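In the numbering used here, the protein residues as written are 3 to 275.
Using N, Cα and C, we set each Cβ at its ideal position, and we do this for glycine too.
Note that the structure is a prediction, hence the values are computed from the model and not measured.
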């Protein structure tokens, strides 16, 4: 197992190993289960991740993917050329669009999209015109503006921040920053709230959340605030350091996440023998 930096993280990991049947494991998708790539539609899941999650799902209480992606997109990107796919994880729950959409057992439930989204969808192209490399990802109930393909992604992100915040506010939405992306979405929803609701529904006795981006900070805060042992795992990157500063464990990207899950499985199996 990688180094666990905090006492609370060690207690959380020990609780999961000793009582896996009470554990809920939540994971982000992009940058955690899949690599960060220039084209978001090509962010395929790590080929070994579904297999590890399938085996974990057989011993823990629940596996949940908590993502800004729509559930259907996460499932589509969860296909692997060889071996099992994400959809095959037993009892999997996908809390998409920061928790506003829920996929379980082949069915998606969600409220209607935010009212202001239609107006923003019409106005956004004109606001972005002339900015080389900026792309819009339409998530159905949110719009993500990506600058990763720009000549200077960070400068483009900063130039767009204020006008996008203003556009979102006028239309009753908020802006969620991420790795070379600003997402316009409805207020009042975040990964922390989604994770807390899941933990309560599952009556979890321990929790782990694995993430890589600013949107995962709320989930880390949820792990720290609930009254059960927990461990926060950061899929590390040079682009986002705020998450690593709060993490109990830092691993090296999706490869490190899969290796960590495999180590967890080995520890559980060794304990049960």
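Note on geometry: alpha-carbon atoms of residue 5 and residue 252 lie some 8 Å from one another. According to the DSSP assignment, residue 25 belongs to no alpha helix (DSSP H) but to the beta strand (DSSP E) extending over 25 to 29. At a cut-off of 4 residues, the continuous stretches assigned as alpha helix (DSSP H) that sit fully inside the segment 12 to 73 are 51 to 59. A straight-line Cα-Cα distance of about 49 Å links residue 231 and residue 131. Beta-bridge partners assigned by DSSP to residue 5: none are found. DSSP places residue 194 outside any beta strand (DSSP E); the residue lies instead in the alpha helix (DSSP H), whose first and last residues are 193 to 204. Annotated three-state conformation of residue 120 is helix, per DSSP. In the DSSP assignment, residue 112 falls outside any alpha helix (DSSP H), carrying neither H nor E. A check of alpha carbon separations from residue 227 across 209, 215 and 186 identifies 209 as the nearest. The count of Cβ pairs closer than 8 Å, one atom from the segment 169 to 188 and one from the segment 137 to 149, reaches three, so the stretches are in contact. The segment 211 to 218 makes contact with the segment 22 to 36; the number of CB pairs closer than 8 Å reaches 3 or more.
Excluding residues up to 5 positions away in sequence, 61, 62 and 270 lie with their Cβ nearer than 6 Å to the Cβ of residue 22 in the same chain. Under DSSP, residue 211 takes part in a beta bridge, and its partners are 28 and 234. With a contact defined as Cβ atoms closer than 8 Å, residue 52 and residue 73 miss out at about 15 Å. Residue 255 and residue 243 have their C-alpha atoms spaced approximately 13 Å apart. In the displayed model, residue 84 falls within coil according to three-state DSSP, outside both helix and strand. Of 12, 205, 195 and 114, the smallest CA-CA separation from residue 24 is found for 205.
By DSSP's assignment, residue 103 forms a beta bridge with 98.
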